[in-house]
Structure formats: structure tokens, C-alpha cells
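Protein chains in written order, with this note's numbering: chain A, 6 to 241; chain B, 16 to 281.
1. Is any beta-carbon of chain A found at less than 8 Å from that of residue 179 of chain B?
2. Could you tell me if residue 39 of chain B is buried or exposed, where buried requires 16 or more neighbouring beta carbons within 10 angstroms of its beta carbon?
3. Are the C-beta atoms of residue 233 of chain B and some chain A residue less than 8 Å apart?
4. Under 8 Å between the Cβ atoms of residue 123 of chain A and residue 99 of chain A?
5. What residue range is occupied by the uninterrupted alpha helix (DSSP H) comprising residue 187 of chain A?
6. Just checking my contact of residue 112 of chain A with residue 178 of chain A at CB under 8 Å: how many whole Å lie between their CB atoms?
7. Indicate the three-state DSSP secondary structure (helix, strand or coil) for residue 241 of chain B in the structure shown.
8. How would you list, in chain order, the residues of chain B whose beta-carbon sits under 8 Å from the beta-carbon of residue 49 of chain A?
9. Kindly indicate which three-state DSSP category residue 61 of chain B falls into: helix, strand or coil?
10. Using DSSP's beta-bridge definition, name the partner residues of residue 216 of chain B.
11. List, in chain order, every chain A residue whose beta-carbon is nearer than 7 Å to that of residue 258 of chain B.
12. Return the residues of the stretch 191-221 of chain A that lie within a Cβ-Cβ distance of less than 7 Å from chain B, sorted by chain order.
13. How far does the alpha helix (DSSP H) with residue 162 of chain A in it extend, from its first residue to its last?
14. Can you list, in chain order, the stretches of the beta strand (DSSP E) that have 3 or more residues and sit fully within the stretch 180-219 of chain B?
15. Can you tell me where the alpha helix (DSSP H) holding residue 199 of chain A begins and where it ends?
16. DSSP three-state call for residue 179 of chain A: helix, strand or coil?
17. Residue 82 of chain A by DSSP, collapsed to three states: which one?
18. Please name the residue in B:169, B:79, B:247 and B:226 whose C-alpha comes closest to that of residue 213 of chain B.
19. Taking the beta carbon of residue 240 of chain B as the centre, do at least 16 other beta carbons fall within 10 Å, making it buried, or is it exposed?
20. How big is the Cα-Cα spacing for residue 121 of chain A and residue 97 of chain A?
21. What would DSSP say about residue 266 of chain B, mapped onto helix, strand or coil?
22. Below 9 Å between beta carbons is the criterion; list the residues of the stretch 128-148 of chain B that meet it against any residue of chain A, in chain order.
23. Hey, could you find the ends of the alpha helix (DSSP H) residue 121 of chain A is sitting in?
24. Using a cut-off of 8 Å between C-beta atoms, extract the partners of residue 62 of chain A located in chain B.
25. Please identify, using Cβ separations under 8 Å, the residues of the stretch 155-168 of chain A that lie next to chain B, in order along the chain.
26. Whose Cβ in chain B lies nearer than 8 Å to the Cβ of residue 144 of chain A?
27. List the residues of chain A that residue 174 of chain B touches, going by C-beta distances under 8 Å, in chain order.
28. Going by C-alpha to C-alpha distance, which of A:46, A:175 and A:131 sits closest to residue 4 of chain A?
29. Inspect the beta-carbon positions of residue 118 of chain A and residue 104 of chain A and report whether they are closer than 8 Å.
30. Check each residue of the stretch 183-199 of chain B: if its Cβ is closer than 9 Å to any Cβ of chain A, include it; give the result in chain order.
31. Could you tell me the alpha carbon to alpha carbon distance between residue 116 of chain B and residue 135 of chain A, rounded to whole angstroms?
32. Hey, out of A:185, A:166, A:184 and A:183, whose CA is closest to residue 176 of chain A's CA?
33. Under the assumption that residue 145 of chain B contacts residue 253 of chain B (Cβ atoms under 8 Å), give the Cβ distance between them as a whole number of angstroms.
34. Could you tell me the distance, in whole angstroms, from the CA atom of residue 127 of chain A to the CA atom of residue 106 of chain A?
35. Among the residues of its own chain, which have a CB less than 8 Å from the CB of residue 83 of chain B, if the five just before and after it don't count?
36. Three or more C-beta pairs under 8 Å: does that hold for the stretch 181-198 of chain B against the stretch 113-132 of chain B?
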């Protein structure tokens, strides 16, 4: 074999291996979050003290503490890898939390440690957002209408309830997580965590009223493992 | 110059009294059964104070007028009885005035605050917190559930800390952000402060009562006119005090019964 052939063969092998490593196939964990029993009835929110928000609704919105869906599913459940994955650097895009109609949108916001959190006020009234962490630094900030977004970040992983000091019914949650393997269930309760390298993982599902549940799963290649969570509903 | 001052004093006194005499500051409409007593008291006080004010200004103007341009060396006259008599007379006049206002006003104040609510009055609990008012009705069972401060969960709408899981009386309690009452019925409003000092004020009702943390206070009143009136917090309670208000919704008995039934179904 001539030198030219050796170099060409080497180049082809390099290219092949580059293609193989460029897209790590990884395994997937997917499943559904459901409940059993009778969940508490969510009561409508009385916004009469803030007419500028109350008039935005034809029927009053209900509280979002437990959001149920078709097939006894639970929405707004954070499903994430709590052990077995290394910490990830925070992405450069910000996680956005919006105050609109005197409610927090989304009700549960998941983002990473040290990722920028942007808080926006789209209402005609002042809000005073007050997250209530136990590990991170506690702060509250006033935000009159038309003022720029508040920018903050958290340096410790934690589930943080959020309230508004001016409007007692406003309630939300921050899920500050250590890695990028997380998702929040939507209507139907389904979730998918993809791109997991081979290893042994703990998958945790967290619901603000029912607490959290964990299951262990092992990924060996690019298979899909099914993991389901069933929460016991509380009638009150 | 001095005489001019005397004239000016009289003019100022009359010009100040004119808008009040012409009732250019009318009171808000009165929708309660006891409100007229308070309005009469206000009116009487204005009249008494007004007469004293104009009288005092006229006396002052008279002395300024009379003793201006007094030639140096001319004898000074003393008031009969001297300074002592002057003080005694002032004491007696002002004292009687204040006593009279107190005696007549006692009817307006004591009848609201010192008499208990009637036994068949509608009991409603009002809770003031930073920065909203919430009102609790006993529900169809007629019993109020117990309050557990450690169970307060605002995000879940549990402002009073009720425990419906373990406390059956609490299950049907109605919690509302609006104070809804039937007209012509005595309301016994029990005031409970959750955190700091607040105050309940409805100007059309002529009722104002502070919430004092730790005290269970109450007021009672009967409304006479259907409509929606503003309840404002009149005790500085923090950064949201400017925005702390609720509405008093006075309805006919039929509308109130419908509202009650609708709330119980939730």
C-alpha cells in the first residue's frame, strides 16, 4: 500500500468516527404521570379587588395547584433526572416567567442552576414577585406596569414556591435543576427525556401538592425505557 | 392701617364660612340605618364650631378696630373681673360646647359600638391581610369551621387556614373576596386581622373600624340601599396599602339567596 492509500484510509476512518460521535444517539425515558383517587376541586379565583385583571376573564379562572387531564393524567408535573447524570452548564437563553391577567404563566417554570430568569409584567397593575426559597437567597421585587423585565438567577438546585405580595391568589413554582434532562408534563400527562448516555439514572416526578416520586432506570444503548408515575390524589 | 386689619379679619371669616354654609362639601350618600345620626352630629359640630369661629373673629376685629390709633399715654381699661374672669368665662364656654357635642354625639357612637348585634343578624367574618380583604360565610350548615393559622395556603385559596379534611363544619364555609349582603338585614361583621394593622372603611355606611392583630372586634350595621360600594383599607399596612380594597355588594334578599346557593355549589 502506498502512502496515499494509507492517508486516504486514515481520513475515511476519522470521518466515520466523527460522524459516529457528532450525534450521540443515547437512550430515552418516556411515560405518563397519572393519579388515583379523587383530587380536590380547584376553586375559581376571586379577583374583584383588582378590576383591571378581573375584566380580562369572562369566567373566573380556577386555581392551578392540581391540573388534571384526560385519562386521570396530571399536567404541570416536573419530570427530571435527579441522579446519575453530571451537572450541565446553564444555557444562554433565559427562562421567562410572565405576570399576565394577575396569574403566573407558566404555573411551573423549570430552568437550570445559574440560568438567567426573566420576569415580565404584562398587566396594567404593579406586581411584587416574591419567590420563597429555603436554600437560595430570598428576595422580592416590585414591578410597575411598563417597566423592563427583572433579571435574576439561582445558584442552588431547589423547588421554589412563588407568590405576589400584592395579589394573594397569585401562585407559581420555580424548579431550579442541575442538568438539562427535565421536562414538564402537559395535558395528557406524557413526558419524554431523550439523549441519555448509557448509565444508571434516577427519574423523579414532582407535583407541588403531592410531593415527589422516584424510580431507577438503566440505559444501555439507544433504547426507550418506559417509566410511569401514579400519584395518590388528596380530596382536600 | 389697624382699622383696615379689622375689616380684613371680618371679610376672611365670612368668606371662609360661606362654602360651608352653602353646603358646598356634601357628604357621600348614606346607605345605613345609623348613618343619619353621624351626619347630624357632623352638622351640629359644624354649626357650633362655625358660630364660635365667627363670633371669635368678630370680637377680635372689634378689639383691633377699637384700640387702633390709641394715643400713647391714654388710660387702658381692664375687662371687668380682670384676667381671671376672662379665663373662667373661656373655660366655661368652651367646656360647655365640648360637653354638649359629646353628650349629643354619644347617641351616634354608643348606639353603634356599645350595643351588641341582634341575635338574628347575619354573621360574616372579615379577614384583613396584606393586601386584600376576604370574607367568610358559615355556609348552609350555619357553623363556622375552626381557623388553623398553620394551614393557611394562599396559592390554594385557603386564606383562613380551614381544615376541611378533618373539620366537617369547615367544608361548606364560603370564602369570598367581595362582601355580599342582603339589603335591610342586620349584618354582624366579625373582624379578624391576619398579620398587621388594617382598617375597614365604607364611607357610605359611616363605619370605620381598625383590625387589631390579636383582638377579635366586630361592628354591626344594616344597609338600606342596593348597590356596589368600595371598602378601603384606611390603616397603613405596607407596600400594597394603596391597592388594598374590596367591594361591598348590597343585593336584594332574592339575589343574595341566589348568590349564596351558587357559592355553596362550588
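Glycine residues also receive a C-beta, built at the ideal position from the N, C-alpha and C atoms.
These numbers were taken from a predicted model, which means no experiment stands behind them.
Let me lay it out:
1. Yes, because at least one Cβ of chain A sits closer than 8 Å to the Cβ of residue 179 of chain B.
2. Taking every protein chain shown into account, the CB of residue 39 of chain B has fewer than 16 other CB atoms within 10 angstroms, so this residue is exposed.
3. With 8 Å as the cut-off, residue 233 of chain B does not count as an interface residue toward chain A.
4. Closer than 8 Å, so yes.
5. Residue 187 of chain A -> not in any alpha helix (DSSP H); beta strand (DSSP E) instead, spanning 187-189.
6. 7 Å between Cβ atoms; contact.
7. In the structure shown, residue 241 of chain B adopts coil according to DSSP, grouped into three states.
8. Within 8 Å Cβ-Cβ: 281.
9. In this structure, residue 61 of chain B counts as helix in the three-state DSSP scheme.
10. In the DSSP output, where bridge partners are listed per residue, residue 216 of chain B has B:223 and B:247.
11. Near residue 258 of chain B (Cβ distances below 7 Å), the residues of chain A are 171.
12. Going along the stretch 191-221 of chain A in chain order, one finds no residue with a Cβ nearer than 7 Å to chain B.
13. Annotation: residue 162 of chain A is outside any alpha helix (DSSP H) and is labelled neither H nor E by DSSP.
14. Listed in chain order, the complete beta strand (DSSP E) runs (minimum 3 residues) inside the stretch 180-219 of chain B are 189-191, 194-197, 201-208 and 213-217.
15. From DSSP, residue 199 of chain A is part of no alpha helix (DSSP H) but of the beta strand (DSSP E) over 195-201.
16. Judged by DSSP in its simplified three-state form, residue 179 of chain A adopts strand.
17. The answer is coil: DSSP assigns residue 82 of chain A none of H, G, I, E or B.
18. When each option's Cα is compared against that of residue 213 of chain B, the closest is B:226.
19. It counts as exposed.
20. Taking the straight line from one Cα to the other gives about 8 Å.
21. Look at residue 266 of chain B here: in three-state DSSP terms it is strand.
22. For the stretch 128-148 of chain B, the set of residues with a beta-carbon nearer than 9 Å to any beta-carbon of chain A comprises 144, 145, 146, 147 and 148, in chain order.
23. DSSP places residue 121 of chain A outside any alpha helix (DSSP H), giving it a letter other than H or E.
24. Neighbours of residue 62 of chain A on chain B: none; closest Cβ ~14 Å, over 8 Å.
25. The stretch 155-168 of chain A vs chain B, Cβ under 8 Å: 166 and 168.
26. Residues of chain B with a Cβ closer than 8 Å to the Cβ of residue 144 of chain A do not exist; the shortest Cβ-Cβ separation is about 14 Å.
27. Within 8 Å Cβ-Cβ: 173.
28. This structure gives no information on residue 4 of chain A, because the portion of chain A shown stretches from 6 to 241.
29. Contact: no.
30. Residues of the stretch 183-199 of chain B whose Cβ lies closer than 9 Å to any Cβ of chain A, in chain order: 186, 190, 191, 192 and 193.
31. Approximately 50 Å, taken between the alpha carbons.
32. Answer by Cα proximity: A:166.
33. That pair is a contact at about 5 Å.
34. Using only the alpha carbons, I get a separation of about 8 Å.
35. Leaving aside the five residues that flank residue 83 of chain B on each side, the residues in its chain whose CB is nearer than 8 Å to its CB run, in chain order, 16, 17, 18, 20 and 21.
36. The stretch 181-198 of chain B is not in contact with the stretch 113-132 of chain B.
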